[in-house]
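J.: For reference, the structure I am asking about is given below.
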Ligand code: OAD
């Protein structure tokens, strides 16, 4: 069965659940893309842990500074903008993202729930106080380098990225708001995510269990079950603007 755009047009509350695929067309590599340069021999999941930071802080900090430079140099794409446009059209829209970039906000989305934190909010690894960057990182086309993390201005501890690493809990308030939106919505759009990382991957399932229609948008078509789950294959920056245009076309 095909997703009916009427379901989106008449929705009271839409949840957008996004992953790295939505930012791919802005030039931000996804987590499961092959990497080049210094990062070629590292799986992102092996860099995204507290233990990796303890073992080699300069490697891990350098990896996140490389990603931060990519985001600073990137622009929101048509998929980010389509979500901001949809938010202006439906009575209520909640954006839940696993992404640590700010491209949704820069496209005009408000109150984005960042389940995995943000590249722009580092904090001290020792005392957890927030740290303010003193400079933008250099974009290094060759693929980044090791960089010693800065020191906390209060306790001289090493500064860590403000993201959620594997083995860490999600920010409690953000998670609670995301679950409550998933339970409340009538349509959830799951965009550009492999759905492999828990507990984030539960969000579309929670929406389904609570009666919502769930539409997956991914490069490849996703396996779906039942008559409320749908899949549209294609690039987010093409599929989403088309879908949102149809919502606006009365
Ligand atoms: P992944 O890299 O696991 O998956 C990206 C998904 O986007 C894949 O399913 C691709 O097929 C799809 N994709 C790629 N380009 C696309 C495009 N142009 N349009 C539509 N879809 C596209 O990224 P996430 O699912 O976000 O966690 O990964 C989840 C979490 O795992 C991340 O937040 C991060 C990572 O390790 C932490 O760092 C804790």
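Numbering (this note's numbering), first residue to last: 94 to 343. C-beta: ideal position from N, C-alpha, C; glycine also.
Of all the options 204, 154, 170 and 104, which has the alpha carbon lying nearest to the alpha carbon of residue 267?
T.: Mapped onto the chain shown, residue 267 falls at position 174. Minimum Cα distance to residue 267 is reached at 204.
J.: Tell me the rounded alpha-carbon separation between residue 150 and residue 295.
T.: Stepping through the chain shown from its first residue, residue 150 is reached at position 57. Stepping through the chain shown from its first residue, residue 295 is reached at position 202. Approximately 31 Å, taken between the alpha carbons.
J.: Need the endpoints of the beta strand (DSSP E) that residue 98 sits in, please.
T.: Position 5 of the chain shown, counting from 1, holds the residue named residue 98. Looking at the DSSP string, residue 98 is not in any beta strand (DSSP E); the run it does join, the alpha helix (DSSP H), is 98-102.
J.: How should residue 97 be labelled, buried or exposed, when 16 other C-beta atoms within 10 angstroms of its C-beta is the threshold for buried?
T.: To locate residue 97, count along the chain shown from 1; it is residue 4. Flag for residue 97 reads exposed.
J.: Determine the contact status of residue 112 and residue 191, defining contact as a CB-CB distance below 8 Å.
T.: Taking the first residue of the chain shown as position 1, residue 112 is located at position 19. Taking the first residue of the chain shown as position 1, residue 191 is located at position 98. For residue 112 and residue 191, yes; Cβs fall inside 8 Å.
J.: Which residues in the same chain have their Cβ closer than 8 Å to the Cβ of residue 94, if we skip the five residues on either side of it in sequence?
T.: Walking along the chain shown from the start, residue 94 turns up at place 1. So the qualifying residues of the chain are 320 and 323.
J.: Count the other C-beta atoms from every protein chain shown that fall within 10 angstroms of the C-beta of residue 126, then say buried if there are 16 or more, exposed otherwise.
T.: Against the chain shown, residue 126 aligns to sequence position 33. Exposed, because fewer than 16 other Cβ atoms sit within 10 Å of the Cβ of residue 126.
J.: Can you tell me whether residue 137 sits near the ligand OAD, meaning its C-beta is under 7 Å from at least one heavy atom of the ligand?
T.: For the purposes of this step, residue 137 is identified with residue 44 of the chain shown, where counting begins at 1. Yes; taking the cut-off as 7 Å, the Cβ of residue 137 has a heavy atom of the ligand OAD nearer than that.
J.: What's the call for residue 170, buried or exposed, on a 16-neighbour Cβ count within 10 Å?
T.: Position 77 of the chain shown holds residue 170. Answer is buried; the Cβ neighbour count reaches 16.
J.: Could you spell out the range, first to last residue, of the alpha helix (DSSP H) harbouring residue 296?
T.: Here the question's residue 296 lines up with position 203 in the chain shown. Segment 295-302, the alpha helix (DSSP H) holding residue 296.
J.: Less than 8 Å between the beta carbons of residue 229 and residue 106, yes or no?
T.: Position 136 of the chain shown, counted from the start, is the residue given in the question as residue 229. Position 13 of the chain shown, counted from the start, is the residue given in the question as residue 106. Against a cut-off of 8 Å, the Cβ pair of residue 106 and residue 229 comes out as no contact.
J.: Cα-Cα, which of 247, 243 and 262 is closest to residue 253?
T.: Position 160 of the chain shown, counting from 1, holds the residue named residue 253. The candidate whose alpha carbon is nearest that of residue 253 is 243.
J.: Spatial neighbours of residue 141 within its chain, please: CB distance less than 6 Å, with the 5 preceding and 5 following residues excluded, ordered by chain position.
T.: Taking the chain shown and counting its residues from 1, one reaches residue 141 at position 48. Same-chain partners within the cutoff: 258 and 259.
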